Amino acid sequence: MAHAVIMAGGAGTRLWPLSRKDRPKQLLRLFSGKSLLRASYERLATVLDANHIHVITGAAHLPLVAKELPELPPENLIGEPQGRDTANAVGLAAAILHERDPDCVMGIFTADHVIRPVDKFSEAVQLAFETAKANPQALIPIGITVRAPETAFGYVRRGEKFAEGVYRVDGFTEKPNADLAGRYAASGDYYWNSGMFAWRTGAILGELRVNLPESFEGIMEIAKAWNTPQRSEKLNSIYPTLKRISIDYAVMEHARDVLVVEMNCRWADVGSWTQLSEVLTPDQDGNVVAARRAYNHGSSGVTIVSEDDDHVIATVGVRDLTIVHSGDATLVCQKSDAQVIKDLLAEIEAEHGERYS
Numbered sequence: 336m337a338h339a340v341i342m343a344g345g346a347g348t349r350l351w352p353l354s355r356k357d358r359p360k361q362l363l364r365l366f367s368g369k370s371l372l373r374a375s376y377e378r379l380a381t382v383l384d385a386n387h388i389h390v391i392t393g394a395a396h397l398p399l400v401a402k403e404l405p406e407l408p409p410e411n412l413i414g415e416p417q418g419r420d421t422a423n424a425v426g427l428a429a430a431i432l433h434e435r436d437p438d439c440v441m442g443i444f445t446a447d448h449v450i451r452p453v454d455k456f457s458e459a460v461q462l463a464f465e466t467a468k469a470n471p472q473a474l475i476p477i478g479i480t481v482r483a484p485e486t487a488f489g490y491v492r493r494g495e496k497f498a499e500g501v502y503r504v505d506g507f508t509e510k511p512n513a514d515l516a517g518r519y520a521a522s523g524d525y526y527w528n529s530g531m532f533a534w535r536t537g538a539i540l541g542e543l544r545v546n547l548p549e550s551f552e553g554i555m556e557i558a559k560a561w562n563t564p565q566r567s568e569k570l571n572s573i574y575p576t577l578k579r580i581s582i583d584y585a586v587m588e589h590a591r592d593v594l595v596v597e598m599n600c601r602w603a604d605v606g607s608w609t610q611l612s613e614v615l616t617p618d619q620d621g622n623v624v625a626a627r628r629a630y631n632h633g634s635s636g637v638t639i640v641s642e643d644d645d646h647v648i649a650t651v652g653v654r655d656l657t658i659v660h661s662g663d664a665t666l667v668c669q670k671s672d673a674q675v676i677k678d679l680l681a682e683i684e685a686e687h688g689e690r691y692s
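Residue numbers (our numbering): 336 to 692.
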């Protein structure tokens with residue numbers, strides 16, 4: 336049987352001041368009144384029932400996730416005592432599922448994507464599950480059809496055709512420069528690396544055993560104690576000691592049996608405010624609004640975000656600004672400076688501690 340795991344552990348500091356430590360970006364309701372996490376669940380619900388959908392997130396956020404996704408059984412929520420990057424999150428979820436069902440197929444998805452249309456997502460996920468079931472040793476990233484040269488994404492180079500919509504992988508490139516990204520987009524031989532995967536739990540655990548042995552040993556020890564009174568002790572003593580590393584660096588770049596499934600859709604990894612223009616339709620002046628009461632008079636290229644239905648945000652004659660309003664903080668910056676919000680937050684924390692974090 337296939338299972339899906341939604342990774343929902345990102346801090347989302349580049350989406351400050353709405354994204355906070357006690358309310359991370361995957362819980363923000365920016366799109367049609369739904370959180371990114373809720374949207375991720377509803378996409379997967381077109382393929383699997385709730386009993387086969389799981390979430391791994393920070394332990395402190397488990398109550399928020401449970402409230403957001405009441406359909407999920409409590410045992411399908413996995414709390415990390417400390418974030419240790421995606422290799423360990425994937426490994427822990429895989430080990431827990433493997434203990435329950437050694438033959439299961441596992442899909443990895445993230446809680447901060449916007450994907451349209453949903454039927455293209457569903458078709459690709461079904462194909463990825465079927466491919467993993469038929470090829471027990473294969474690791475299968477889901478690749479997004481490249482629509483433009485992007486330097487912020489990783490790329491997957493496809494090789495020979497394996498089956499309809501499935502190709503062997505010739506290599507990975509992490510965030511190429513502008514020249515390379517342009518060549519990749521023009522060639523038609525590359526996909527964006529979406530961070531979505533499918534595989535047998537045994538396959539990914541076997542790769543972790545070879546490529547990240549210390550983490551593998553720790554993760555397996557935690558998983559074996561998962562349904563025992565020693566669960567908390569093992570999780571809290573072992574997991575924070577594991578090497579912090581991504582699944583791409585730890586495993587995917589070293590694995591030999593890798594197939595990519597094509598997903599031809601509109602896809603955005605919502606990592607910063609500037610990316611809202613990729614998922615929300617700008618007006619005739621290029622303004623993007625995710626707010627109930629926003630007014631732009633003679634302004635262009637402005638992004639306005641607020642979840643306060645009664646708060647008015649108005650601009651007059653400004654260009655290329657990002658304005659984000661929250662209850663206790665307001666951000667105003669040039670769009671070109673949106674990537675340094677993380678550094679700005681560090682300065683604020685240095686003076687005020689975690690009050691605004």
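The beta carbon of each residue, even a glycine, is placed where N, CA and C say it ideally should be. Quick caveat: nothing in here was measured; it's all calculated off a predicted structure.
Give the DSSP-derived three-state secondary structure of Q610 in the structure shown. Start at 1 with the first residue of the sequence shown, and residue 610 comes out as number 275. Reduced to three states, the DSSP call for Q610 is helix.
Does DSSP put N706 in a helix, in a strand, or in coil? Here the chain has residues from 336 to 692 only, and residue 706 is not among them.
Can you tell which of Y526, N386, H448 and V400 has its C-alpha closest to the C-alpha of M598? Numbered from its first residue, the sequence shown carries residue 598 at position 263. Considering only alpha carbons, the answer is Y526.
DSSP-derived helix/strand/coil call for M336: For this step, residue 336 is matched to residue 1 along the sequence shown. M336: coil per DSSP, three-state reduction.
Pull up the CB-CB distance for C600 and F366, whole angstroms please, since I reckon it's below 8 Å. Here residue 600 refers to the residue found at position 265 of the sequence shown. Here residue 366 refers to the residue found at position 31 of the sequence shown. At roughly 16 Å, the Cβ-Cβ gap does not stay under 8 Å, so C600 and F366 are not in contact.
Are the stretch 574-590 and the stretch 541-561 in contact at 8 Å, needing three or more beta carbon pairs? yes
On the DSSP bridge assignment, give the partners of D604 in chain order. Counted from its first residue, the sequence shown places residue 604 at position 269. According to DSSP, D604 bridges with H448.
In the DSSP output, which residue or residues are listed as bridge partners for T381? As a first step, residue 381 must be located in the sequence shown, where it is residue number 46. In DSSP, T381 forms no bridge with anything.
Can you tell which of N386, E410, D672 and V440 has the C-alpha that lies nearest to the C-alpha of L540? Numbered from 1 along the sequence shown, position 205 holds the residue referred to as residue 540. Nearest of N386, E410, D672 and V440 to L540, Cα basis: V440.
Other residues of its chain near I512: CB distance less than 7 Å, five sequence neighbours each side excluded: As a first step, residue 512 must be located in the sequence shown, where it is residue number 177. The question names Ile, but residue 512 is Asn in the sequence shown. So the qualifying residues of the chain are T486.
What do you reckon, are the CB atoms on V593 and L462 nearer than 9 Å? Counting from one through the sequence shown, the residue named residue 593 turns up at place 258. Counting from one through the sequence shown, the residue named residue 462 turns up at place 127. Not in contact: V593 and L462 (Cβ atoms no closer than 9 Å).
Segment contact flag, the stretch 551-565 with the stretch 496-513, C-beta cutoff 8 Å, min 3 pairs: no
Who does N631 pair with in a DSSP beta bridge? What you label residue 631 is simply residue 296 of the sequence shown in a count that begins at 1. Looking at the DSSP assignment, N631 forms a beta bridge with T650.
Beta-carbon separation (whole angstroms), L397 vs L412, contact threshold 8 Å: The residue given as residue 397 occupies position 62 in the sequence shown. The residue given as residue 412 occupies position 77 in the sequence shown. Indeed, because the Cβ distance is near 6 Å, the residues count as touching under 8 Å.
Contact check, S522 vs F444 under 8 Å by CB: the rounded distance? Counting from 1 along the sequence shown, the entry for residue 522 is found at position 187. Counting from 1 along the sequence shown, the entry for residue 444 is found at position 109. That belief does not hold up - the Cβ atoms of S522 and F444 are roughly 27 Å apart, past 8 Å.
Thinking just about the alpha-carbon of each residue, which of T609, Q619 and G662 is nearest to the one in I639? Taking the first residue of the sequence shown as position 1, residue 639 is located at position 304. Per the Cα distances, T609.
Closest Cα partner of A626 within the set S354, R364 and L383: Taking the first residue of the sequence shown as 1, we reach residue 626 at position 291. The residue with the shortest Cα to Cα distance from A626 is R364.
I'd like to check one pair, A673 with R349: are the Cβ atoms closer than 9 Å? Within the sequence shown, residue 349 is the residue found at index 14, counting from 1. Within the sequence shown, residue 673 is the residue found at index 338, counting from 1. In contact: R349 and A673 (Cβ atoms closer than 9 Å).
Between the Cα of I477 and the Cα atoms of M587, G621 and I676, which residue gives the shortest distance? As a working mapping, residue 477 is identified with position 142 in the sequence shown. That would be M587, whose Cα lies nearest to the Cα of I477.
What does the alpha-carbon distance come out to for the pair E642 and G633? Here the question's residue 642 lines up with position 307 in the sequence shown. Here the question's residue 633 lines up with position 298 in the sequence shown. So the alpha carbons of these two residues sit roughly 24 Å apart.
For S671, the nearest candidate out of H646, T480 and L656 (CA to CA): The residue given as residue 671 occupies position 336 in the sequence shown. Residue L656 is the option with its Cα nearest to S671.
For V340 and D644, the rounded distance between their alpha carbons: What you label residue 644 is simply residue 309 of the sequence shown in a count that begins at 1. What you label residue 340 is simply residue 5 of the sequence shown in a count that begins at 1. Cα-Cα distance, rounded: 33 Å.
For N423, which three-state DSSP category applies? For the purposes of this step, residue 423 is identified with residue 88 of the sequence shown, where counting begins at 1. The answer is helix: DSSP assigns N423 an H, G or I state.
Nearest candidate by alpha-carbon position, reference V498, set V595, S370, A430 and P409: Numbered from 1 along the sequence shown, position 163 holds the residue referred to as residue 498. This sequence places Ala at residue 498; Val is not what is there. Cα-wise, what sits closest to A498 is V595.
Between the alpha carbons of I573 and T480, how many angstroms are there, rounded? In the sequence shown, residue 573 corresponds to position 238, counting from 1. In the sequence shown, residue 480 corresponds to position 145, counting from 1. Looking at the two C-alpha atoms, the distance is approximately 39 Å.
Mind checking which residues open and close the alpha helix (DSSP H) that includes F551? Within the sequence shown, numbered from 1, the residue matching residue 551 stands at position 216. Per DSSP, F551 belongs to the alpha helix (DSSP H) from P548 to K559.
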